[in-house]
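So the structure is just underneath, and the comments pick up after that.
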Amino acid sequence: MAARRLAAEGARTVVDIGGGNGLLAGYLAREEVGTVDVDRAGHVGHAPRPAVLRDALRLPFRDESFDGAATLWMLYHLADPVLALKEAHRVLGVGGLLAVSAVSRHNDPELAPFLPGWGKRVSFDAENGPEQLGRVFDVVDVQRWDRPMVHLADHAAVTLFLRGRGLSEHDAPGLRSDSSLR
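Okay, structure coming up:
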């Protein structure tokens, strides 16, 4: 959905901040949109080129370098997401579009036993995100979805999902055979 919206709004160059393995870049390539993936976790080795190993708080690009930017499923990993939003704003051109996605603290009730207090301790979610975006951007358009967005097919998928929510390898149940999540 983010790729379609960015392309529909006329973005021809997009920086995917926290782009990980380049999934968004792949979708944008189908829309003939050029993308640069930026990630500090090292996943960019698997992303389409160009990909840059950098921190979201210090992007290596000039001001107003991109038509679009994305911070999908990553702002809750940062202690102060507003700093990353300011950096995204800096590299966006006038009239540029930022696509942001975040979970709701009410998502995934079936995983609550494995994520105790998760919704109360994240720095950015669907509930507090619009206010934080409003500190940096003049126009904030919130679209909410109430439908399944991911399919967790096996233990490895559950592990990856829970690791994305901040659990360690030891605590993510998909890695342990004694897990009660089956």
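For the sequence shown, our numbering begins at 200 and goes up steadily by one. Glycine is no exception: its CB is placed at the ideal position from the N, C-alpha and C atoms.
Determine whether the beta carbon atoms of residue i and residue j lie at a separation below 7 Å.
{"i": "residue 258", "j": "residue 235", "result": "no"}
{"i": "residue 338", "j": "residue 285", "result": "no"}
{"i": "residue 399", "j": "residue 213", "result": "No statement about residue 399 is possible, as the shown extent of the chain runs from 200 to 381 and does not include it."}
{"i": "residue 287", "j": "residue 216", "result": "yes"}
{"i": "residue 271", "j": "residue 300", "result": "yes"}
{"i": "residue 304", "j": "residue 326", "result": "yes"}
Specify, as a first and last residue, the run of the alpha helix (DSSP H) that residue i falls within.
{"i": "residue 335", "result": "Here residue 335 belongs to no alpha helix (DSSP H), and DSSP marks it neither H nor E."}
{"i": "residue 281", "result": "280-290"}
Just mark residue i as buried or exposed, buried being the case when its beta carbon has 16 or more other beta carbons within 10 Å.
{"i": "residue 189", "result": "Shown here, the chain extends from 200 to 381; a query on residue 189 therefore has no answer."}
{"i": "residue 295", "result": "buried"}
{"i": "residue 302", "result": "buried"}
{"i": "residue 376", "result": "With a pLDDT of only 45 at residue 376, under the threshold of 50, the placement of this residue in the model should not be trusted; the figure read from the coordinates follows. When all chains shown are included, residue 376 counts as exposed."}
{"i": "residue 379", "result": "At residue 379 the pLDDT is 48, less than 50, meaning the model places this residue with poor confidence and gives no usable figure here."}
{"i": "residue 293", "result": "exposed"}
{"i": "residue 333", "result": "exposed"}
{"i": "residue 225", "result": "exposed"}
{"i": "residue 277", "result": "buried"}
{"i": "residue 321", "result": "buried"}
{"i": "residue 357", "result": "buried"}
{"i": "residue 361", "result": "buried"}
{"i": "residue 359", "result": "exposed"}
{"i": "residue 209", "result": "exposed"}
Terminal residues of the continuous beta strand (DSSP E) containing residue i?
{"i": "residue 269", "result": "265-271"}
{"i": "residue 250", "result": "250-252"}
Assuming residue i contacts residue j (C-beta within less than 8 Å), just tell me the rounded distance between them.
{"i": "residue 266", "j": "residue 211", "result": "5 Å"}
{"i": "residue 323", "j": "residue 274", "result": "4 Å"}
{"i": "residue 250", "j": "residue 221", "result": "7 Å"}
{"i": "residue 269", "j": "residue 223", "result": "6 Å"}
{"i": "residue 239", "j": "residue 248", "result": "That belief does not hold up - the Cβ atoms of residue 239 and residue 248 are roughly 17 Å apart, past 8 Å."}
{"i": "residue 227", "j": "residue 206", "result": "7 Å"}
At which residue ranges does the region 207-240 contain complete alpha helix (DSSP H) runs of 4 or more residues, listed in the order of the chain?
222-229
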